[in-house]
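Per this note's numbering, the sequence shown starts with residue 81, numbered consecutively.
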Amino acid sequence: MLWLALVLMMSAPIGGIGFISPVQLHAVDNHAGASRSADLTQTDPSVVIRLVAEAGFLGVIDHRIRYSEADSAFLYHKDGGQDVLFPFARLSAELELNQRHTAVFLYQPLEIETRVDMPAGLQIDGEPFAGDSLRLLYSFPFYRLSYLYRFLHGDTWWVEAGGSLQIRNANTEFEARGSDGSGGTGEPGVASGFYRSAGTGPVPLLKLRGRYDLPHGFWLGLEADGIYAPISYLNGSDNETVGALLDASLRAGYRVNSSMDTFVNVRYLGGGAANEDPKDYTVNWLHTYTVSLGAVVSTEGRR
81 MLWLALVLMM
91 SAPIGGIGFI
101 SPVQLHAVDN
111 HAGASRSADL
121 TQTDPSVVIR
131 LVAEAGFLGV
141 IDHRIRYSEA
151 DSAFLYHKDG
161 GQDVLFPFAR
171 LSAELELNQR
181 HTAVFLYQPL
191 EIETRVDMPA
201 GLQIDGEPFA
211 GDSLRLLYSF
221 PFYRLSYLYR
231 FLHGDTWWVE
241 AGGSLQIRNA
251 NTEFEARGSD
261 GSGGTGEPGV
271 ASGFYRSAGT
281 GPVPLLKLRG
291 RYDLPHGFWL
301 GLEADGIYAP
311 ISYLNGSDNE
321 TVGALLDASL
331 RAGYRVNSSM
341 DTFVNVRYLG
351 GGAANEDPKD
361 YTVNWLHTYT
371 VSLGAVVSTE
381 GRR
């Protein structure tokens, strides 16, 4: 009986009793190698990274500033050379988890430098200016960290809400210049007058974002960050400054492929602060618009 069992084992198909032939082993090894290669080229479907860039132009709708009750409001858009278009750019990076949670880091450069004829009777914070021309610098770049939660969604649309923390980095300068372009020294007959105001600080914001997909790869989107509140309500101090900021945009885009989108964007960017306390008098309001083209590159197509 023993020899019969041995014959049956030798004549039976190798796969039928659990043995693997060299050909089968080679096929299994190739399959495993292909699986490992696929793992290396695919990302976790629950994690998406996006890089967003846009560039275009910025126009000033209204921009006024006043540092003292004794001053008249200085109108940048009329007397400060801000009646033309300026370059605009914006960069951001996003991390999305499980199509629900999104963290965004944004950098927005914003610097406008102009030179104009010296306005007659110009006075900044009580200091009179004199000279042939006036150099102005308005620098307000900012960094913004945001969190968004997708609380409404359908097959072709979604809406997210959350908050942002913006770090403002403001610097404003007024400098009188002589006929040769030199700065003010206070010497008789030569340019006289220089004023600088600068500061940094956090600005909490509310955030809303949404998107609606159209046929043939087109889509519409909206995004807004903003706040309006007395400073005393935010930090409990007796500072009566009222501050506001709104960064709101509408965009139309096209899905180039599963990893890239392009879009055109129209944005309102404005805000400022007002404090009429004589000890800390400030009125500073800026209203601008931007038109830009942008692109989004993501790991979505590697799912």
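Every residue, glycine too, gets a C-beta built ideally from N, C-alpha and C. Predicted, not measured: the structure shown is a model, and the values here were computed from it.
In this model, Ser272 and Leu177 are separated by some 57 Å (Cα to Cα).
The C-beta of His143 has 16 or more other C-beta atoms within 10 Å across all chains shown, which makes the residue buried. Taking 8 Å as the upper bound for CB-CB distance, Leu190 and Phe220 are in contact here, some 5 Å apart. Listed in chain order, the non-local C-beta contacts of Asn249 below 8 Å within the same chain comprise Ser219, Phe220, Pro221, Phe222, Tyr223 and Thr280, local neighbours out to five positions each way being set aside.
The shortest CA-to-CA distance from Thr194 to any of Arg215, Tyr227 and Lys158 is the one to Arg215. By the neighbour-count criterion, in which a residue is buried when 16 or more other Cβ atoms sit within 10 angstroms of its Cβ, Leu286 is exposed.
In the DSSP annotation of this structure, His296 is not part of any beta strand (DSSP E), being labelled neither H nor E.
DSSP places Tyr361 in the coil class of the three-state scheme, outside both helix and strand.
Note that the C-beta distance between Tyr275 and Ile204 is below 8 Å. Residue Ala183 holds the alpha-carbon nearest to the alpha-carbon of Ser244 among Ala183, Ile141, Val127 and Ser378. Membership of Asp212 in any alpha helix (DSSP H) is not indicated, and neither H nor E is assigned to it by DSSP.
Non-local beta-carbon contacts of Ile247 in its own chain, meaning distances under 7 Å to residues more than five positions away in sequence, involve Phe222, Tyr223, Thr280 and Pro282 in chain order. Around the beta-carbon of Gln179, fewer than 16 other beta-carbon atoms lie within 10 Å, marking it exposed.
Relative to Gly290, the option among Ser338, Met340, Thr236 and Gly352 whose CA is nearest is Thr236. Judged by DSSP secondary structure, Tyr156 falls within the alpha helix (DSSP H) whose first and last residues are Tyr156 to Asp159. Residue state for Glu193 is assigned as strand, using DSSP reduced to three classes. In this structure, Met340 and Val363 do not form a Cβ contact; the two beta carbons are roughly 44 Å apart against a cut-off of 8 Å. For Val196, the closest alpha carbon among the candidates Ser378, Val127, Leu225 and Ala210 is that of Ala210. Less than 8 Å divides the Cβ of Ser148 from the Cβ of Gly206. Counting only the Cα atoms, Val344 lies some 12 Å from Phe298. In this structure Ser277 does not touch Glu303 by the C-beta definition: roughly 30 Å separates them, more than the 8 Å allowed. DSSP places Thr321 outside any beta strand (DSSP E), giving it a letter other than H or E.
The Cβ neighbour count for Gly234, taken over all protein chains shown within 10 Å, is under 16; the residue is labelled exposed. The Cβ atoms of Tyr292 and Leu300 lie closer than 8 Å to each other.
Rounded to the nearest whole angstrom, the CA to CA distance from Arg347 to Ser226 is 18 Å.
Excluding five sequence positions before and after Val140, the CB atoms of its chain that fall closer than 6 Å to its own CB belong to His157, Gln162 and Thr368, given in chain order.
Beta-bridge pairing by DSSP links Arg248 to Phe222 and Gly281. Burial is judged here by how many other beta carbons sit within 10 angstroms of a residue's own beta carbon; Ala256 has at least 16 and is buried.
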